[in-house]
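In mature numbering (1 follows the signal peptide of the UniProt record, and there is no 0), the protein residues as written are -17 to -1, 1 to 358. Ideal placement from N, C-alpha and C gives every residue a C-beta, glycine not left out. None of these values were measured; they are calculated from a predicted model. Everything below concerns the one structure shown next.
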Amino acid sequence: MPWGAFWAQSALGTLLANLEGLGANIHNIYLGESSPKKLRGMVTLTAATFISIGKLTGQLAGLREILGHEELWNILLCAPACFSVVQLLVLPSFPEAPRYLLIDKHNEAMCRDALQTLWGQGDFKTEIDEMLREQAAIKRQRSLSLLELLRDRCVRWQLITMVAINMGIQFSGISAISAFSFNIFQEMNIPLDKIRYVTLGVGASEVLTSIACGLFIENVGRRTLLWGGFGAMSVIMALITLSLILKESSYWIPYSTLGLIFLFVIFYGGGPAGVLPSITHEIFIQSSRPAAFVFAGILRWLGFSVMGMAFPFLITLWKSYTFVLFSGVPLVAGLFVFFLVPETKGKTLLEISEEFNKIQICKPSLRKDIVETRL
């Protein structure tokens, strides 16, 4: 391929990837602002579920028996365009998010119409009253920019929580397992012709776990799923390290390592990965939320980029001991969530903001009148 054509295709691919990141953030915001409080966690989790389904579908279609060979690679790359066409046809018929219409646009009639379209018939007095209370607390404040959000001391603990959860996910080892699964399974002495099917099984387990997480997230709560998932991931990664060190001692050790990787993905999909879209929406009020999702996207892609560049060097230098690092990071994130992050299940967004404002470690929190002004 000529260099000019290669550069043009690379630039186009980068642009489309950036648009995908924008669409993912808007998707999560819309789901959170359009869902009832009692179903908020389940609805926002569907974003993670369908991302997992998309990855599994790509892995399945990429098998050599289907589209994974040279003659059909162009069809494989064009397949996502079909879904984009469906979105262009269907999405214009969706109403604006009710919270956006009432809190940002101050249009109660359109908000009520949107609620009836999305939820069915009803008076929605309780929901509208909650939105009006949040609107009064914001005092018509416009949406914050990213820099304004980072400077705002009233959301300091929410931002720290976002950093802890996102870095706990990115540096837990899941990015390495996803991007370098072939090398990892090869290190475990799995036959080369079987690795692609093992990778497919890992993707399937993530999908099933994400679906299961959606069924009990409203009963168990976000906080428990977060610290429990991080804790289990830390223990499993430590066991993976031990099994990789001892892989030559017995024939069954590589199979136990494979089982541990499946367990790791299960706790990842059913814990932090499933809860992240919901917690990102719930811990920020309307004026802070768009910038918060931008911040979350930056953290996610920054962590993924650093992990993608660093892992090949780490695995070359430290070999199996690289996974000790992956064991420590989720442990720290889990302890942070356990001791500091409040539960958000069943609470209004103002109640959640008040819970974060009560967090104290070294000095008193801001005065209540200042907090109410900045909410």
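Are the stretch 209 to 217 and the stretch 279 to 293 touching, with three or more C-beta to C-beta distances below 8 Å?
no
With a 10 Å radius around its C-beta and 16 neighbouring C-beta atoms as the bar for buried, classify residue 343 as buried or exposed.
exposed
Output yes or no for whether 7 Å exceeds the beta carbon distance between residue 158 and residue 312.
no
Where residue 6 falls: helix, strand or coil (DSSP):
helix
Between the Cα of residue 78 and the Cα atoms of 200, 103, 316 and 41, which residue gives the shortest distance?
103
Is the Cβ-Cβ distance between residue 80 and residue 59 less than 7 Å?
no
Residues near residue 243 in its chain [Cβ-Cβ closer than 6 Å; skip 5 each side]
219, 222 and 223
In whole angstroms, give me the CA-to-CA distance for residue 61 and residue 251.
30 Å
Residue 269 and residue 111 closer than 7 Å at C-beta
no
State the start and end residues of the unbroken alpha helix (DSSP H) segment that holds residue 64.
56 to 73
I believe residue 261 touches residue 47 by the beta-carbon criterion, under 8 Å. Please report the beta-carbon distance rounded to the nearest angstrom.
So it is not a contact: roughly 38 Å between Cβ atoms.
Hey, how far is the Cα of residue 320 from the Cα of residue 210?
6 Å
Contact check, residue 146 vs residue 271 under 8 Å by CB: the rounded distance?
Contact flag wrong, Cβ pair sits at about 15 Å.
Express the C-alpha separation of residue 118 and residue 361 in angstroms, rounding to a whole number.
Residue numbering for the chain in the displayed model covers -17 to 358; residue 361 lies beyond these limits and cannot be assessed.
Indicate whether the contact test is met: 3 or more Cβ pairs, each with one atom in the stretch 124 to 135 and one in the stretch 180 to 199, closer than 8 Å.
no
Looking at residue 208 and residue 248, is the spacing between their C-beta atoms short of 7 Å?
no
Can you give me the C-alpha to C-alpha distance between residue 89 and residue 18, rounded to a whole angstrom?
19 Å
With C-beta atoms as the reference, is residue 200 less than 7 Å away from residue 25?
yes
Could you work out which residue in 54, 265 and 32 is closest to residue 253 when comparing CA atoms only?
32
Apart from the five residues just before and just after residue 352, which ones in its own chain have a Cβ nearer than 6 Å to its Cβ?
Because residue 352 sits at a pLDDT of 45, beneath the cut-off of 50, its placement in the model cannot be relied upon, and the point is left open.
Pick out whichever of 337, 274, 323 and 256 has its Cα sitting closest to the Cα of residue 132.
274
Taking only the alpha-carbon atoms, compute the straight-line gap between residue 409 and residue 246 and give it to the nearest angstrom.
The displayed coordinates of the chain run from -17 to 358. Any statement about residue 409 would go beyond what the structure contains.
Among 264, 183, 41 and 302, which residue has its Cα nearest to the Cα of residue 12?
264
What does a CB cutoff of less than 7 Å around residue 327 pick up in its chain, not counting 5 residues either side in sequence?
205, 262, 265, 266 and 335
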